[in-house]
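Student: Here it is, the structure in full.
2 protein chains.
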Amino acid sequence: MRIIDAADALGYRSNAVARALVQGRTALVGAIATDLANPYHSEVIGGIERAAGAHGLEVVIGHGQRDPRRITRWVDRMIELNVDGLIVVSSWAEPSALALAAAAAPVVVVGRMPQQARDVDSIVSDDVGGAAMAVRHLIERGHRRIAFVTSSDRPAAMARQLGYETAVAEADANVPHVVSLADDAARALAALLDGRERPTAVLANNDVTAVRVMDAALDRGIRVPDQLAVVGYDNTVMASLVRPTLTTVDQPNDEIGRLAMAMLAERFEGRRVERHVTISPALVVRGSSG
Amino acid sequence: MRIIDAADALGYRSNAVARALVQGRTALVGAIATDLANPYHSEVIGGIERAAGAHGLEVVIGHGQRDPRRITRWVDRMIELNVDGLIVVSSWAEPSALALAAAAAPVVVVGRMPQQARDVDSIVSDDVGGAAMAVRHLIERGHRRIAFVTSSDRPAAMARQLGYETAVAEADANVPHVVSLADDAARALAALLDGRERPTAVLANNDVTAVRVMDAALDRGIRVPDQLAVVGYDNTVMASLVRPTLTTVDQPNDEIGRLAMAMLAERFEGRRVERHVTISPALVVRGSSG
DNA sequence: CTGAAAGCGCTTACAG
DNA sequence: CTGAAAGCGCTTACAG
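What follows is the structure in structure tokens.
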């Protein structure tokens, strides 16, 4: 007891680095996010953290800052830090780096990768289904000229586009009308909104894009939702802040984080086979779709 | 070379934990944030990261999740992880834990602490000056009945209230009228907006509070800014998303992050005396103040 | 210049 | 039950 008191008095703290070296485990889970400023990512990480507590694990976060190289470097760095498991909330990491990492510790990717990495588990949201659900909602409200506006050619956006195309095809509505804001956004928006055959509804690949469409419409005096219905994707905070509030597709981010942690735990318990889970999104109807 | 090739082929990676043990340094800076979902915190951390790169340091992030105990525990954990320096983007850590940490590695707190911790450097924004600047702006626009609405009694909010009180006093405007949303927000807003002596302008302790005031006003048919000017604080993304867009007080978050990293670097170079820096905010005038 | 030894701060298995 | 030794995977200082 006197020894312990003396240690406390001197401010002694056990060196976790040395402990990790001998125990071969750090009790650390690494979480890498494309962009922490994006609330979607911080919510997923919140879910990971809450679940990690139950396993006696701490979550250290690496911030990718929307830079693919930085994200891939974090994968390497986390393995060097000897994390016991790694959750990559990003589709931007190099598959080869992920496969290498998976040889050292269990790895779960949250997001739709361009290609699978060996021995890496994954969680994706059903983007095809979510986008189709949004389009069906617009069709139910009587819309027949529905455009898809996208700012990305990442796999998630492509899957949403596919869901859009599928749903307009099955409803015998318009021919698919896809507008990309990637190059000249102002011009693309002008072509979309100033033409004679203006759509009556727009599905956007995410909330940010949806808000850009809404702003462009309001600038032209086009009323939302009366003259143009707009639906976003991701249900970020901005969806309930803008006026009119934005109808959007929601994903259970907290739940996704918990699941990612649970999948790591299964690996700790000995699972050897890959596991790939698809999560179902849900439509949140607000003002922008009438 | 053949040995290196073989190591590569086997996927060998140097064990950073072992290296850290012998070198006595991890090349890691810990960054702890109250709430990563808050863009203010993720911007500061972005600034830290950009500056850390130049020093060959990596930034690991601990997420406080708005839980004071969790934040304090992260301070302990980061020291156990042997970070070379620690930046706490939060005012919620226990001063005693910070002082203990500072005995092991340089520590910089970004935020206004209720009390100073020994050997801990700090960066605060001039909240008194920022709030006074906002009030003077409203006075210039002719307002004489200006209220301060706050949702917090944390030191930053208190300093902003002080700045408000100082500025209304010097302008010979109204007597200070402070409204707290801490207990019964709906009732407090009703008292503020439904009374006969309704203010013509409101300064809020932050943007979230400002948006709540704006929404409450719009619900009552009170036009912003014509019948009620509203000014926020922090210049979060939501300030430019709401309609009317929000006049607010901006802090150079990226710059604050860089400075925090620079202050750590000074400690690495041998600085022994405490350093406390105050950053000047700036007013961003938008639609909500007319 | 090369190679083996000592040691970073712990935990664990073992001898006393 | 207590105490000393071995060893985790590296780096560094030193002997050859």
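Those sequence lines, one after another, are chains E and V. Counting from 1 along the first sequence, just add 208 to a position and that's the residue number in this note's numbering. Counting from 1 along the second sequence, just add 208 to a position and that's the residue number in this note's numbering. All C-beta atoms in this analysis are idealised placements derived from N, C-alpha and C, irrespective of residue type, glycine included.
#1: Among residues of its own chain, excluding the 5 on either side of Ala473(V), which ones have a beta-carbon nearer than 7 Å to its beta-carbon?
#2: From the DSSP output, read off the bridge partner residues of Val492(E).
#3: Can Pro415(V) and Met366(V) be called in contact, C-beta distance under 7 Å?
#4: For chain E, check one thing: does any of its Cβ atoms lie closer than 7 Å to the Cβ of Gly293(V)?
#5: Count the other CB atoms within 10 Å of the CB of Arg483(E); is the residue buried (16 or more) or exposed (fewer)?
#6: I'd like to know whether the C-beta of Arg466(E) is nearer than 7 Å to at least one C-beta of chain V.
#7: For Ser388(E), list the residues DSSP reports as bridge partners.
#8: Thinking Ile331(E) and Ala468(E) are a contact (beta carbons under 8 Å), I'd like their distance in whole angstroms, please.
#9: Show which residues of chain V have a CB atom less than 9 Å away from the CB atom of Ser222(E).
#10: If the cut-off is 8 Å on Cβ atoms, which residues from the stretch 293 to 314 of chain V count as contacting chain E, listed in chain order?
#11: If you run the structure through DSSP and keep just helix, strand and coil, what is Asp423(E)?
#12: Just checking: is the beta-carbon of Arg549(E) within a distance shorter than 7 Å of some beta-carbon in chain V?
#13: Are there any heavy atoms of the ligand COA lying less than 6 Å away from the beta-carbon of Arg277(V), as far as the coordinates show?
#14: Please report the distance separating the alpha-carbon of Val357(E) from that of Asn413(E).
#15: Please confirm whether Val410(V) and Val450(V) have their CB atoms less than 7 Å apart.
#16: With DSSP as the reference, label His484(V) as helix, strand or coil.
#17: Could you check whether the Cβ of Arg285(V) sits closer than 7 Å to any Cβ belonging to chain E?
#18: Just the C-alpha distance for Thr444(V) and Gly495(V), rounded to the nearest angstrom, thanks.
#19: How would you call Val481(E), buried or exposed, if buried means at least 16 neighbouring beta carbons within 10 angstroms?
#20: Run through chain V and tell me which residues come within less than 8 Å of Arg451(E), C-beta to C-beta.
#21: To be precise: take each residue of the stretch 245 to 273 of chain V, compare its Cβ to all Cβ atoms of chain E, and keep it if any distance is under 8 Å. Which residues remain?
#22: Considering only residues of the same chain and omitting the five flanking positions on each side of Val316(V), which have a CB-CB separation below 8 Å?
#23: Taking Gly495(E) as the query, report the chain V residues whose CB atoms sit under 7 Å from its CB, ordered along the chain.
#24: Kindly indicate which residue of Arg320(V), Ser222(V), Gly254(V), Asp335(V) has the alpha-carbon position closest to the one of Arg466(V).
#25: Would Gly219(V) count as contacting chain E if we go by Cβ distances under 7 Å?
#26: In this structure, does DSSP put His249(E) in helix, strand or coil?
#27: Run down chain E in chain order and give the residues with a C-beta less than 7 Å from the C-beta of Ala398(V).
#28: Roughly how many whole angstroms lie between the Cα atoms of Gly440(V) and Thr455(V)?
#29: Val268(E) and Ile256(E): beta carbons closer than 7 Å?
#30: Return no unless some Cβ of chain E is closer than 7 Å to the Cβ of Ala228(V).
#31: On the DSSP letters alone, give me the boundaries of the beta strand (DSSP E) that Ser333(V) sits inside.
#32: Got a sec? Which residues, its chain only, sit under 7 Å from Leu401(V) by beta carbon, not counting five neighbours each side?
#33: Along chain E, in chain order, which residues have C-beta atoms closer than 7 Å to that of Val432(V)?
#34: Does the separation of the CB atoms of Gly159(E) and Thr242(E) fall below 7 Å?
#35: Straight-line CA distance for Ser359(V) to Ala398(V)?
#36: Leaving out five residues on either side along the sequence, give the residues of the same chain with a beta carbon under 6 Å from the beta carbon of Thr486(E).
Tutor: On the basis of the coordinates in this document:
#1: His263
#2: Thr456(E)
#3: A small fix is needed here, since residue 415(V) is Asp in this sequence, not Pro. Their beta carbons are not under 7 Å apart, which means Asp415(V) does not touch Met366(V) by this criterion.
#4: no
#5: exposed
#6: no
#7: Thr358(E)
#8: 6 Å
#9: Glu288
#10: Leu308, Ala311, Ala312
#11: helix
#12: Nothing can be reported for residue 549(E): it is not among the residues displayed for chain E, which extend from 209 to 498.
#13: Of the ligands one can find in the structure shown there are none, so the ligand COA has no counterpart to examine.
#14: 6 Å
#15: no
#16: strand
#17: yes
#18: 15 Å
#19: exposed
#20: Val450, Arg451
#21: Ala245, Pro247, Ser250, Glu251, Ile253, Gly254, Glu257, Glu266, Val267, Val268, Ile269, Gly270, His271, Gln273
#22: Gly293, Leu294, Ile295, Val296, Val328, Asp329, Ser330, Ile331, Ala468, Met471, Leu472
#23: Going along chain V, no residue has its Cβ under 7 Å from Gly495(E), so there is no contact; the nearest lies around 13 Å.
#24: Gly254(V)
#25: yes
#26: helix
#27: Residues of chain E passing the Cβ test: none, with the nearest at roughly 22 Å.
#28: 6 Å
#29: no
#30: yes
#31: 329 to 333
#32: Ala424, Ala425, Arg428, Ile430
#33: Near Val432(V) there are no residues of chain E at all, since even the closest Cβ is about 12 Å away, more than 7 Å.
#34: Limits of chain E in this structure are 209 at one end and 498 at the other, which puts residue 159(E) out of reach.
#35: 15 Å
#36: Val332, Asp334
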